[in-house]
Amino acid sequence: MSATTVTRGGTPYTPTYADSIDTKKCIGCGRCYKVCVRDVLTLIDRGEDDEVDEDDWDDEDAKAMMVVANPGDCTGCGACGRTCPKGCFTFVAA
Ligand code: SF4
Ligand code: SF4
């Protein structure tokens, strides 16, 4: 069942929460980090993720990438996805 809430004006809406970031697309620009007021996101060195193959990166010069480190703190505001220039985010309903 999806979590539903209301706007200040009383309009119902169903938030969707930051679930994952496409590590191949992410260029580590930090835009999403700057807009998140809940400390959900963390920038990590690409060398810390053994799962990511350097040949698969969109920008092979990118040295860092963002991860959804604290998904449980996300309010589903959507700001991170709106500001990401690479369309990296996937959102899911609760
Ligand atoms: S949806 Fe909002 S609270 Fe959740 S990670 Fe993105 S900016 Fe942060
Ligand atoms: S805004 Fe997009 S490209 Fe930039 S660090 Fe965040 S997820 Fe990566």
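The sequence shown begins at 183 in my numbering and counts up one residue at a time.
From the three backbone atoms N, C-alpha and C, an ideal C-beta is built for every residue, glycine too.
Next on the checklist: ligand 1 and R269: does the residue's C-beta get closer than 7 angstroms to at least one heavy atom of that ligand?
Outcome noted: Note that residue 269 is Gly in the sequence shown here, rather than Arg. Checking the Cβ of G269 against ligand 1 gives no.
Q) Name the DSSP bridge partner or partners of A200? A) F273
Problem - Own chain partners of C270 with C-beta closer than 6 angstroms, once the 5 adjacent residues on each side are dropped - result: I203, D204, K207, C208
Exercise for review: Given a cut-off of 8 angstroms, decide if A244 and G212 are closer than it, judged by their beta-carbon atoms.
Suggested key: no
Report task. My understanding is that C218 touches A275, with C-beta atoms under 8 angstroms, so please give their C-beta distance in whole angstroms. Result -> Between A275 and C218 the Cβ distance is about 19 angstroms, and since that is not below 8 angstroms, they are no contact.
Discussion item. Per the DSSP calculation, T224 is bridged to which residue(s)?
Written reply: V249
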